[in-house]
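First the structure, in the form of structure tokens, and then the observations on it.
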Amino acid sequence: MIPRSYVSEGFVLARRNFKEADRILDIYSKDKGKVSLIAKGIRRPGSRKRGHLEIFSRIKFQAISGKGMGIMTEVETIDDFESLRKSIKKVSLAYYFVEVLSKATHEGEGNIELYNFISDLMEKLKTAKKLKDLRLEFVTQLLKILGYWPRDKELPSPDAKLDEVIERQIYSKRVGKMMLE
């Protein structure tokens, strides 16, 4: 029998309101890849989970998987990347990272190499000076890790290949590119 409860860590990719006091969270987790979880009662003023679930925060969480969407039962912040939030350019790039990651990955496809890459990338972003180079590194490595481009070949146009792979509009792309120029 598969255990219903599990503990993992991950990055908050997106959140949206659900019902009166709940929120649906998209998380890229270390073990299960992208997962969507319901955080019950998170929008209530006295919720203890509320401050831990900011977008692109790295969290440790416990969840229960069920027939439908899983339910988050516990959460704690590992890193909220507070230093990034002081720079509009770094925040813009972090939002770009999580939006692309969200659109390029599918629910339940775990990839520990990708998780470790994102973790390292977010740490680099804290001290990075050349944000344009970091954005290109992200796109190139993401495409290679996900298998859309051979690892030993040079990628001539990472943005064009990313657009082809995702097949959807990336809203933060325009902002991200303009902010970095």
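For the sequence shown, the positions run 1 to 181 when full-length UniProt numbering is used.
Built from N, CA and C at the ideal position, the CB exists for glycine as well.
Quick caveat: nothing in here was measured; it's all calculated off a predicted structure.
Secondary structure of residue i, DSSP reduced to three states
{"i": "residue 117", "result": "helix"}
{"i": "residue 18", "result": "strand"}
{"i": "residue 1", "result": "Because residue 1 carries a pLDDT of 48, less than 50, the predicted location of this residue cannot be relied on, and no value is offered for it."}
{"i": "residue 185", "result": "The chain is shown from 1 up to 181; residue 185 falls before or after that span and cannot be answered."}
{"i": "residue 167", "result": "coil"}
{"i": "residue 154", "result": "coil"}
Per DSSP, cross-strand counterpart(s) of residue i
{"i": "residue 96", "result": "Partner(s): none; residue 96 has no beta bridge."}
{"i": "residue 71", "result": "38 and 64"}
{"i": "residue 7", "result": "62"}
{"i": "residue 27", "result": "12 and 35"}
{"i": "residue 107", "result": "34"}
Nearest residue (CA-CA) to residue i, options the options
{"i": "residue 65", "options": "87, 90, 57 and 39", "result": "39"}
{"i": "residue 9", "options": "21, 24, 30 and 26", "result": "30"}
{"i": "residue 98", "options": "41, 54 and 43", "result": "54"}
{"i": "residue 15", "options": "170, 25 and 141", "result": "25"}
{"i": "residue 68", "options": "56, 119 and 36", "result": "36"}
{"i": "residue 142", "options": "166, 123 and 131", "result": "166"}
{"i": "residue 75", "options": "148, 6 and 153", "result": "6"}
{"i": "residue 103", "options": "21, 146, 89 and 78", "result": "146"}
{"i": "residue 72", "options": "168, 4 and 158", "result": "4"}
> Do the region 77-93 and the region 108-117 make contact, defined as three or more Cβ pairs closer than 8 Å?
Replying inline: Contact between the region 77-93 and the region 108-117 is absent, because fewer than three Cβ pairs lie under 8 Å.
> Would you call the region 126-146 and the region 53-68 touching, i.e. three or more CB-CB distances under 8 Å?
Replying inline: Touching, no, given that fewer than three Cβ pairs across the two stretches are closer than 8 Å.
> Does the region 117-130 touch the region 155-164, meaning 3 or more C-beta pairs lie closer than 8 Å?
Replying inline: Not touching, per the Cβ criterion.
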